[in-house]
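Colleague: Residue numbers (my numbering): 34 to 311.
Can you keep this structure in mind? I'll have questions shortly.
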C-alpha cells in the first residue's frame, strides 16, 4: 500500500474541460445552459475542496444542497470511459517514486487491477465533486463497491485511508500467522509509534474493505513463489537473502504490503524452509 501523488494542475480547469465536451441531447436539451448557471457556485465548491484537501480536512466539507436537476447533471459528468477521465487515471497510476513505472494495482487493497475511479466524497452526497480530479482515486471495482458512498461515520469520523493525503506508518502493523498447510491468517497490531487515531483509521479501512480475508484468499501465489525461490536458491544464508529482498520490496510496494509480510514470516521459519528444500 502506497501513498500516491494527486492531480497537480488546476482542478476547476479540469472540470471546465469536461463540461465543454458535453452536448445538449433530446433528453437534456438545456444541459449546457443548466451547467453554465451553476458555474460560479461550482468554482466556490472546488475552491473549498482544494482548501480542505491542502490541510487534509475533507471530513469538514458539507454538501452544497443543489436541486435534483443540478445533482443529476453533475453526476452525469462522470464516465470512467471518458477520455479526460482515462487520461487522469493514467496520470495517477504512475509509481510515486519511479515515475517511469506504471502502478496499476489498486492501492486501497493491493490485490486487484485498477478498473474504476472511487469518489472520495461520494457522488450521492456530493455530486458537485463528481469530476473533481482530487476527489477521484484509481481503484478496483471490489473496493469501490465495498466502500460505496461512505467516507465518514455518523459522528463525522473518517472511515477510510485517503492515500493522496494520509501518511502511512513505516513500522509494521500488518502481521500474519499460519495454520495447518501454511494457510495464512492476517491481523493488525498497533506499534508504539502509531497514534491511536491513525491506527483506528487503519482498522476501519481494513475492516470495511474486508482486506484481511481478501489477503488470505489471494496469498497462494505469493507462498508458492517463495517456495520455488527457496528451493531454487537454497543457500546457508537464505534467511538473510529473503530479509534483503523484503527491504528492497518495501520501497516499491510499501512497508506493510501483504507479500512482504508473508515473505518475512515464512522466511524466518525453519520449518517452512526445511519443507521447501526437502
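For glycine and all other residues, C-beta sits at the position ideal for the given N, C-alpha and C.
In this text, all values refer to a predicted model and were calculated from it rather than measured experimentally.
Going by other Cβ atoms of all chains shown within 10 Å of its Cβ, with 16 needed for buried, is residue 300 buried or exposed?
Modeller: Buried, because 16 or more other Cβ atoms sit within 10 Å of the Cβ of residue 300.
Colleague: Identify which residue in 264, 40 and 231 has its Cα closest to the Cα of residue 223.
Modeller: Closest by alpha carbon: 231.
Colleague: Could you say which of 172, 77 and 249 lies nearest to residue 210 if we only look at CA atoms?
Modeller: Closest by alpha carbon: 249.
Colleague: Please identify the residue among 303, 229 and 233 whose C-alpha is closest to the C-alpha of residue 263.
Modeller: Selected option, being the one with the closest Cα: 303.
Colleague: Please check the pair residue 184 and residue 192, which I expect to be a contact at CB under 8 Å, by giving their CB distance rounded to whole angstroms.
Modeller: At roughly 6 Å, the Cβ-Cβ gap stays under 8 Å, so residue 184 and residue 192 are in contact.
Colleague: Would you call the CB atoms of residue 97 and residue 161 closer than 7 Å?
Modeller: Yes, they are a contact pair.
Colleague: Are the CB atoms of residue 110 and residue 164 nearer to each other than 7 Å?
Modeller: Yes, the pair counts as a contact, with Cβ atoms nearer than the cut-off.
Colleague: Kindly confirm or deny that the segment 286-298 and the segment 204-218 touch, where touching means at least three C-beta pairs closer than 8 Å.
Modeller: Touching, per the Cβ criterion.
Colleague: In terms of residues, what are the limits of the alpha helix (DSSP H) holding residue 122?
Modeller: Here the alpha helix (DSSP H) through residue 122 covers 116-125.
Colleague: Excluding the 5 residues flanking residue 283 on each side, which residues of the same chain have their C-beta closer than 8 Å to its C-beta?
Modeller: Taken in chain order, the residues that qualify are 290 and 293.
Colleague: Looking at residue 71 and residue 115, is the spacing between their C-beta atoms short of 7 Å?
Modeller: Not in contact: residue 115 and residue 71 (Cβ atoms no closer than 7 Å).
Colleague: To which residues does DSSP link residue 172 through a beta bridge?
Modeller: Paired residue(s): 149.
Colleague: Of the residues 172, 80 and 149, which one's Cα is nearest the Cα of residue 34?
Modeller: Of 172, 80 and 149, the residue nearest in Cα terms is 172.
Colleague: With residue 208 as the anchor, note down where its beta strand (DSSP E) starts and where it stops.
Modeller: Note, residue 208: beta strand (DSSP E), 207-212.
Colleague: Of the residues 51, 45, 277 and 177, which one's Cα is nearest the Cα of residue 73?
Modeller: The shortest C-alpha separation from residue 73 is found at 45.
Colleague: Is residue 107 buried or exposed, if buried means 16 or more other CB atoms sit within 10 Å of its CB?
Modeller: That one is buried.
Colleague: Would residue 159 be called buried (16 or more neighbouring beta carbons within 10 Å of its own) or exposed?
Modeller: Buried, since its Cβ has 16 or more Cβ neighbours within 10 Å.
Colleague: Under the rule that 16 or more other beta-carbon atoms within 10 Å means buried, what is residue 280, buried or exposed?
Modeller: So residue 280 counts as exposed.
Colleague: Going by CA-CA distance only, name the one from 39, 149 and 233 that's closest to residue 83.
Modeller: For the residues 39, 149 and 233, the minimum Cα distance to residue 83 belongs to 39.
Colleague: Rank 136, 140, 137 and 169 by C-alpha distance to the C-alpha of residue 151 and give the top, closest one.
Modeller: Out of 136, 140, 137 and 169, 169 has the C-alpha closest to the C-alpha of residue 151.
Colleague: In the DSSP assignment, the beta strand (DSSP E) including residue 238 goes from what residue to what residue?
Modeller: Here residue 238 belongs to no beta strand (DSSP E); instead the alpha helix (DSSP H) covers 229-241.
Colleague: Find the nearest neighbour of residue 146 within the set 157, 130, 133 and 123, judged by alpha-carbon distance.
Modeller: Per the Cα distances, 123.
Colleague: How is residue 280 classed by DSSP in three states: helix, strand or coil?
Modeller: Looking at residue 280 - three-state DSSP - the assignment turns out to be helix.
Colleague: Quick check: the Cα distance between residue 55 and residue 67, rounded to an integer number of angstroms?
Modeller: One C-alpha to the other measures close to 12 Å.
Colleague: Which residue from 199, 48 and 271 puts its Cα closest to that of residue 305?
Modeller: Closest option to residue 305, Cα to Cα, is 271.
Colleague: Assuming residue 202 and residue 252 form a contact by the criterion Cβ under 8 Å, report the distance between their Cβ atoms to the nearest whole angstrom.
Modeller: So it is not a contact: roughly 22 Å between Cβ atoms.
Colleague: For a minimum of 4 consecutive residues, which ranges assigned as the alpha helix (DSSP H) are wholly contained in the segment 74-143?
Modeller: Runs of the alpha helix (DSSP H) inside the segment 74-143: 101-108 and 116-125.
Colleague: On the DSSP bridge assignment, give the partners of residue 319 in chain order.
Modeller: No answer is possible for residue 319: the residues shown for the chain start at 34 and end at 311.
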